[in-house]
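Novice: Chains as they are written, first to last, in UniProt numbering: chain A, 1 to 660; chain B, 1 to 660.
Just so you know, even glycine gets a beta-carbon here, dropped at the ideal spot from N, CA and C.
Protein chains: 2
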Amino acid sequence: MNPDLKKERDGASFDPEKIVNLLYGGPDRVKRKRKLESLALNDPDFQHEDLNFMSREQQYETQLKKSIMVVQKQEKHGIMGPEDSAHYVYNGAFKAMAGPFGLHTSMFLPTLRGQATDEQKDKWLKMAENYAIIGTYAQTEMGHGTFLRGLETTATYDPHTQEFDLHTPTPTGTKWWPGCLGKTSNYCVLMAQLYIHGKSYGPHPFMVQIRSLEDHKPLPGVTVGDIGPKFGYAGNDNGFLRFDHVRIPRDNMLMKYSRVEPDGTYVKPPSSKLAYGTMVQVRSFIVSEAAESLAKAVTIATRYSCVRRQSEMKPGHPEPQVLDYVTQQYKLFPYLAAAYAFMFAARAMVSVYFRSMERITRGDITVLPELHALSSGLKSLSSWVMNAGIEECRMACGGHGYSHASGIPSIYAEHTPAATYEGENTVLMLQTARYLMKSYSQSVQGEKLAGSVAYLAGVQPVPVAGRTRDVLDLQVLIEAYQHRAARLVHEAALQLRKEQQAGKDQPDAWNATSVDLVKAATAHSQYFVVKNFAARLADPAVDSSVRAVLTSLCQLHALHGVVNNSGDFLEDGYMTGTDIRQARRHINALMAKLRPDAVALVDAFDYPDGILNSILGRYDGNVYEHLLEWAKASPLNKTDVHQSYHKYLKPFLQANRAKL
Amino acid sequence: MNPDLKKERDGASFDPEKIVNLLYGGPDRVKRKRKLESLALNDPDFQHEDLNFMSREQQYETQLKKSIMVVQKQEKHGIMGPEDSAHYVYNGAFKAMAGPFGLHTSMFLPTLRGQATDEQKDKWLKMAENYAIIGTYAQTEMGHGTFLRGLETTATYDPHTQEFDLHTPTPTGTKWWPGCLGKTSNYCVLMAQLYIHGKSYGPHPFMVQIRSLEDHKPLPGVTVGDIGPKFGYAGNDNGFLRFDHVRIPRDNMLMKYSRVEPDGTYVKPPSSKLAYGTMVQVRSFIVSEAAESLAKAVTIATRYSCVRRQSEMKPGHPEPQVLDYVTQQYKLFPYLAAAYAFMFAARAMVSVYFRSMERITRGDITVLPELHALSSGLKSLSSWVMNAGIEECRMACGGHGYSHASGIPSIYAEHTPAATYEGENTVLMLQTARYLMKSYSQSVQGEKLAGSVAYLAGVQPVPVAGRTRDVLDLQVLIEAYQHRAARLVHEAALQLRKEQQAGKDQPDAWNATSVDLVKAATAHSQYFVVKNFAARLADPAVDSSVRAVLTSLCQLHALHGVVNNSGDFLEDGYMTGTDIRQARRHINALMAKLRPDAVALVDAFDYPDGILNSILGRYDGNVYEHLLEWAKASPLNKTDVHQSYHKYLKPFLQANRAKL
């Protein structure tokens with residue numbers, strides 16, 4: 001092991017294993033996690049050259065091959081359930097990179113399970129679960145994303161033949177983006193506008209075969225293909241799909257909720273809010289994904305910053321470890337803290353979700369709006385922070401961060417879409433804001449507010465100026481975040497009213513206030529994250545050495561947010577310039593305190609080298625020896641002299657030499 | 001043309017051609033620019049399929065082929081000088097993507113011109129200028145970047161043979177990153193530690209042949225290759241290079257400044273500061289590059305936001321253009337303003353540079369420190385803003401931004417290294433800070449300060465609280481930025497002293513204050529950008545309709561910086577909460593005012609479609625029709641059924657079906 005990294009590990013104030021257990025739910029689950037990860041990482045069938053060395057087609061093919069083996073091996077090893085799959089499939093076999101069966105498991109199967117009738121399940125679910133067919137979920141169109149009612153693909157019922165006629169009327173109505181659609185799937189659940197007797201009933205789900213089971217060719221009337229290369233996601237054949245009056249039987253509409261009778265009678269679903277549950281769950285996963293992707297980038301950058309030595313801090317002294325520069329700490333430690341904060345937030349979200357689902361399945365859907373608001377805000381906040389953070393980590397590795405050897409460009413390119421998929425972040429923040437505005441006005445009218453927004457009832461718009469505070473005290477910080485969120489909600493509500501009083505109608509007033517609304521919803525989400533982080537530490541089961549270091553991290557997280565948004569805390573005089581200056585000095589002191597524990601804190605995320613897929617982030621720190629080895633294996637180095645020399649460079653150079 | 005875009009253009013308050021002339025220096029230069037761009041863009045020899053469709057090797061080969069033709073055609077068309085080349089080569093033929101001759105022209109030739117003696121020029125410069133040899137500049141090593149003195153490659157003089165022995169003693173001493181080194185160059189200027197009679201004289205430049213002119217094979221003792229795939233820069237063979245006691249004649253040291261006599265006597269250079277000039281010039285180019293890359297991304301996102309319609313703002317109304325959402329304006333308009341601000345800043349830097357070079361060539365090098373500080377700060381600030389801005393633009397395009405069809409991922413991946421190369425941003429900001437600290441302490445001692453820091457002499461640490469201000473007034477805003485920068489410099493200086501008084505030595509105190517120092521240097525650079533933008537508008541030659549719209553942009557730029565860093569203006573009471581709230585409302589009003597001019601403002605950047613290389617950003621707005629066409633041309637769609645189906649998917653599906 002690199003001696004610098006060894007020294008870091010020897011000097012840590014706590015045993016990282018204790019945090020591993022805290023993060024992953026105890027020794028048994030950690031053991032299971034590691035077993036499944038190494039089962040995948042050590043499987044010779046899953047070895048292949050670095051995806052970064054391959055063309056996009058080769059990447060797709062590699063991931064397809066692996067996807068098939070994963071299905072077979074999962075069965076063999078008895079791996080099931082989302083947690084096992086996350087370890088074995090997502091992190092282990094795929095290193096969190098996209099593959100061409102992703103949508104089959106994440107959307108196609110769940111939709112069939114949730115929206116098909118029992119007869120429909122008999123017909124398709126077993127085939128789908130046994131991979132006799134491969135499917136995806138085709139909703140987004142080229143011209144229509146967030147706004148479901150804007151979809152253009154039509155499913156027109158013909159009572160004479162008892163069939164639906166599927167049709168794509170325009171270029172913008174082309175299905176566009178569905179994962180695994182371009183080359184892999186032979187079936188899909190299609191969201192299309194239902195028309196019966198000339199009347200529109202809005203978007204509904206249909207089970208549609210798109211490719212032949214014999215030769216995989218597109219069925220007549222179906223145009224399907226890959227949407228072309230993207231920033232990342234090379235292993236996923238995101239696709240396009242068009243229909244030219246393709247007919248499917250009436251029974252192919254997924255009819256668990258809405259139904260169309262043979263004569264064309266439309267039967268409405270009992271409640272339209274049930275689908276929210278899945279959305280909430282998907283968003284919780286994204287918070288987790290954001291935390292994990294950020295944690296991976298922070299792991300790489302932190303380890304490398306202890307191996308890398310650079311410049312001369314003091315004349316004649318050896319070059320210091322880069323992590324000894326306070327500016328480097330200031331780049332990495334706040335994101336280290338954020339990764340922990342979002343991991344805890346994601347876990348809290350998941351447990352709130354499961355508690356809420358119990359109530360929902362008992363028929364109580366009153367918790368849904370709150371749950372929706374919370375999950376939307378956290379999804380947006382965490383993916384924004386992840387995006388900025390991964391790139392900060394990459395650039396903190398200097399030039400080498402830019403090489404695929406660092407592993408960070410792939411992490412970024414692969415996970416940055418979390419900010420735009422499953423609900424574009426700003427749109428989602430505005431949905432959170434809508435809930436906050438509603439809650440706020442309920443509180444003004446004296447109604448009792450739900451848990452996560454109860455604090456809005458206690459808004460104190462008048463600041464208490466001149467107080468002195470211990471801004472290192474977590475309780476003081478939580479109150480500050482609460483006050484800020486409450487004030488911003490209050491002020492956004494006032495501004496909204498002002499815009500209306502100035503003559504705007506409600507939608508225009510909302511639009512004119514939307515920047516303030518996003519700000520308020522972000523502050524609300526940040527408040528949740530800080531409060532939840534602190535609450536996690538209060539658990540008496542947390543080991544004291546762990547509590548000590550995580551408390552420093554939590555303080556850093558909260559203080560960094562204060563300093564970074566200091567205007568929000570100063571604007572109404574809630575905090576003073578002295579508070580902010582103090583906060584800055586506390587941050588410096590906390591970073592100095594965390595410095596010796598930095599490597600142990602990233603080790604505690606427990607990502608083995610195989611998952612990180614980074615030369616810079618190697619556990620043993622033997623970075624430089626392996627950089628050259630990695631480069632030598634890359635395609636341009638297969639020969640000393642590249643073929644292009646003979647084709648282009650040699651005649652050019654020779655001609656120029658002859659002219660001299 | 002897309003009717004929405006046509007309406008935008010018809011409704012603009014000014015003629016974009018007037019801004020084009022302002023940006024590019026008048027009608028004659030605009031005409032030349034367009035002629036050269038279209039000469040390259042329409043040349044059939046330069047056409048090839050989208051680089052995003054190619055493997056990395058294909059990209060390298062394509063760019064190599066084009067590089068050769070560019071050299072030949074430049075000569076034919078009489079294209080020379082940096083401005084012509086920027087239009088014809090950089091933007092036209094290469095669309096701002098890297099190619100394998102880049103370092104030959106940007107570093108190899110200038111170094112020979114600047115550091116070779118006349119005899120050495122006779123020997124090599126003509127060959128290099130005529131591309132009889134291809135060279136690069138090999139300085140950075142695997143373990144050593146910013147810190148030149150840390151380089152490990154040695155050049156040991158042997159007076160018996162009158163040769164230098166070149167050697168790479170360690171893995172970390174491997175030359176790493178030099179552009180065009182991996183496969184293309186047969187020569188390089190090598191920076192190596194000079195040793196004579198066992199004594200070290202620091203890094204010096206040597207002319208070294210690395211590959212055979214006969215068969216391009218590495219010469220004996222030379223190990224050279226490509227460093228492997230990177231985030232971007234696929235067309236550039238950034239390389240590695242190792243020497244195993246390779247001998248070169250004494251004459252191969254570039255001896256214009258330092259010399260080694262045959263007997264080993266070392267002759268010192270007259271001044272060591274002369275090299276600064278080139279660095280300043282390179283950094284001015286980076287400010288330009290940052291502004292241009294940001295402008296391209298803003299052009300794409302703004303046009304697409306007028307074509308894209310999304311959601312329902314008012315019940316029953318058609319889906320509005322995305323740019324009508326205030327949150328979308330808030331994403332794009334501040335970066336539109338920043339792109340203009342940095343274009344003007346870059347142009348100002350270049351003219352400051354040329355004015356200074358006159359003085360420097362007259363032997364007056366007193367301007368160098370100021371010039372160095374200004375260029376370092378602007379390089380860092382502009383590339384940071386560019387990075388954040390390009391990604392904001394990409395995500396503002398929703399899902400489609402993630403597709404390479406948007407063109408934005410390539411702009412990002414190709415230009416983001418500006419933050420880490422040619423001086424890592426934080427390191428550079430700290431160099432600016434060092435100059436600020438020095439100037440500040442000179443001013444405290446009563447000395448007169450140089451132009452760009454003269455304001456530090458007038459620091460007023462005591463705020464004037466309670467004033468009311470018109471924060472829309474550019475003069476008020478400039479004063480606010482000036483006050484903020486002066487205060488932050490002042491406070492960083494105090495903090496630095498405090499750390500020393502608390503017992504730290506100078507380097508430790510500097511390190512402990514470094515976050516504050518970076519903040520102060522950033523504020524100083526922002527102040528320059530705002531002041532310079534406003535000054536540009538004061539030019540009486542600027543057309544009044546242009547001045548009106550650019551004044552709004554300048555106000556938006558300044559106000560957005562105030563709101564985004566409101567704590568800095570509030571902390572000492574210089575601004576009040578009321579000022580900040582006003583600033584926010586002004587921003588909303590300015591965005592509404594700019595909304596009808598947004599498309600004209602990006603049209604005025606004058607990037608033809610060929611350069612933008614974006615389906616979303618097409619001038620005619622016919623986005624959707626061309627998305628499908630682009631996708632269909634991509635490699636995975638060459639066949640309806642991909643070969644991997646026959647290899648992997650078919651047997652898998654059939655076996656599963658048989659089991660049911």
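Kindly list, in the order they appear in chain A, the residues whose Cβ is closer than 8 Å to that of residue 404 of chain B.
Specialist: Those are 228, 229, 230 and 231, listed as they occur along chain A.
Novice: Curious, which full-length alpha helix (DSSP H) runs of at least 4 residues does the UniProt domain "Acyl-coenzyme A oxidase N-terminal" (15 to 134) of chain B contain?
Specialist: You should have 16 to 24, 27 to 41, 56 to 77, 82 to 85, 109 to 115 and 126 to 129.
Novice: Using a cut-off of 9 Å between C-beta atoms, extract the partners of residue 18 of chain B located in chain A.
Specialist: Here the premise fails: no neighbours, minimum Cβ distance about 31 Å.
Novice: Residue 195 of chain A by DSSP, collapsed to three states: which one?
Specialist: Residue 195 of chain A: strand per DSSP, three-state reduction.
Novice: Just verifying my parser: in three-state terms, what is the DSSP assignment at residue 176 of chain A?
Specialist: Strand at residue 176 of chain A.
Novice: Could you work out which residue in B:615, B:224, B:24 and B:497 is closest to residue 177 of chain B when comparing CA atoms only?
Specialist: Closest by alpha carbon: B:224.
Novice: Could you say which of B:12, B:517 and B:7 lies nearest to residue 597 of chain B if we only look at CA atoms?
Specialist: Considering only alpha carbons, the answer is B:12.
Novice: When burial is assigned at 16 or more other CB atoms within 10 Å of the CB, is residue 375 of chain A buried or exposed?
Specialist: That one is buried.
Novice: Listing by chain order, which chain A residues have their CB less than 8 Å from the CB of residue 580 of chain B?
Specialist: Those are 567 and 571, listed as they occur along chain A.
Novice: Under 7 Å, CB to CB, which of the residues in the stretch 630 to 649 of chain B have a partner in chain A?
Specialist: Residues 630, 631, 632, 634, 635, 636, 637, 640, 641, 642, 644, 645, 648 and 649.
Novice: Quick check: the stretch 325 to 345 of chain A against the stretch 294 to 302 of chain A, are there 3 or more CB pairs under 8 Å?
Specialist: Yes, the stretch 325 to 345 of chain A is in contact with the stretch 294 to 302 of chain A.
Novice: Just list the residues that DSSP pairs residue 354 of chain B with in beta bridges.
Specialist: DSSP output for residue 354 of chain B lists no bridge partner at all.
Novice: What's the gap between the Cα of residue 158 of chain A and the Cα of residue 20 of chain A?
Specialist: If you take the alpha carbons of residue 158 of chain A and residue 20 of chain A, they lie about 59 Å apart.
Novice: Under a three-way DSSP split, which group does residue 452 of chain A fall into?
Specialist: Reduced to three states, the DSSP call for residue 452 of chain A is helix.
Novice: Spell out whether any CB of chain B is found under 7 Å from the CB atom of residue 384 of chain A.
Specialist: By this cut-off, residue 384 of chain A is not an interface position.
Novice: Give a yes or no on whether the C-beta atoms belonging to residue 146 of chain A and residue 441 of chain B are separated by under 7 Å.
Specialist: No, the Cβ-Cβ distance between residue 146 of chain A and residue 441 of chain B is not below 7 Å.
Novice: Give me the Cα-Cα distance between residue 372 of chain B and residue 280 of chain B, rounded to the nearest whole angstrom.
Specialist: So the two alpha carbons sit approximately 6 Å from each other.
Novice: So, helix, strand or coil for residue 634 of chain A, using DSSP?
Specialist: Reduced to three states, the DSSP call for residue 634 of chain A is coil.
Novice: Would you check if there are 3 or more beta carbon pairs closer than 8 Å linking the stretch 388 to 405 of chain A to the stretch 611 to 626 of chain A?
Specialist: Yes: the two stretches touch, three or more of their Cβ pairs being nearer than 8 Å.
Novice: Below 9 Å between beta carbons is the criterion; list the residues of the stretch 166 to 192 of chain B that meet it against any residue of chain A, in chain order.
Specialist: Those would be 170, 171, 172, 174, 176, 177, 182, 183, 184 and 186, in chain order.
Novice: What in chain B is Cβ-close to residue 216 of chain A, meaning under 9 Å?
Specialist: Those are 640, 641, 642, 645, 646, 649, 650 and 653, listed as they occur along chain B.
Novice: Report the three-state DSSP secondary structure of residue 218 of chain A (helix, strand or coil).
Specialist: Three-state DSSP puts residue 218 of chain A in a strand.
Novice: Where residue 638 of chain A and residue 186 of chain A are concerned, what is the direct C-alpha to C-alpha distance, given to the nearest angstrom?
Specialist: About 38 Å.
Novice: For residue 330 of chain A, tell me which candidate among A:594, A:648 and A:22 has the shortest Cα-Cα distance.
Specialist: Nearest C-alpha to residue 330 of chain A: A:594.
Novice: So, using beta-carbon positions, are residue 163 of chain A and residue 249 of chain A closer together than 7 Å?
Specialist: Contact flag set, yes.
Novice: At a CB-CB cut-off below 8 Å, which residues of chain A make contact with residue 68 of chain B?
Specialist: Here the neighbours are 648, 649 and 652.
Novice: Please report the Cβ distance between residue 378 of chain A and residue 525 of chain A, rounded to the nearest whole angstrom; I am assuming they are in contact, meaning their Cβ atoms lie under 8 Å.
Specialist: Right, their Cβ atoms sit about 6 Å apart.
Novice: Only counting the same chain, and skipping five residues up and downstream in sequence, which positions put a Cβ closer than 6 Å to that of residue 350 of chain B?
Specialist: The answer, listed in chain order, is 284.
Novice: Is residue 616 of chain A helix, strand or coil by DSSP?
Specialist: Residue 616 of chain A falls in the coil class under three-state DSSP.
Novice: If you drop the 5 nearest sequence neighbours on each side, which residues of the same chain put their C-beta closer than 8 Å to that of residue 422 of chain B?
Specialist: If we look at residue 422 of chain B and ignore the five residues flanking it on each side, its Cβ neighbours are 279, 282, 283, 286 and 379.
Novice: Quick one: residues in its chain with C-beta nearer than 6 Å to the C-beta of residue 667 of chain A, no 5 flanking neighbours on either side, listed in chain order?
Specialist: A query on residue 667 of chain A cannot be resolved here, the shown segment of chain A reaching from 1 to 660 and no further.
Novice: Which same chain residues end up closer than 8 Å to residue 504 of chain A when comparing Cβ atoms and leaving out the 5 residues on each side of it in sequence?
Specialist: The residues are 512.
Novice: Report yes or no: is there a C-beta of chain B within less than 7 Å of the C-beta of residue 64 of chain A?
Specialist: Taking Cβ atoms only, chain B reaches closer than 7 Å to residue 64 of chain A, which makes this a yes.
Novice: Name the residue from B:452, B:437 and B:451 whose alpha carbon lies nearest to the alpha carbon of residue 716 of chain B.
Specialist: In the structure displayed, chain B extends from 1 to 660; residue 716 of chain B sits before or after that span and is not available.
Novice: Using C-beta distances below 7 Å, list every residue in its chain close to residue 635 of chain A, excluding the 5 sequence neighbours before and after it, in chain order.
Specialist: Same-chain partners within the cutoff: 53.
Novice: Looking at chain A, which residues of the stretch 312 to 334 of chain B have a Cβ within less than 7 Å of any of its Cβ atoms?
Specialist: Per Cβ criterion, the list reads 312, 313, 314, 319, 325, 326, 327 and 330.
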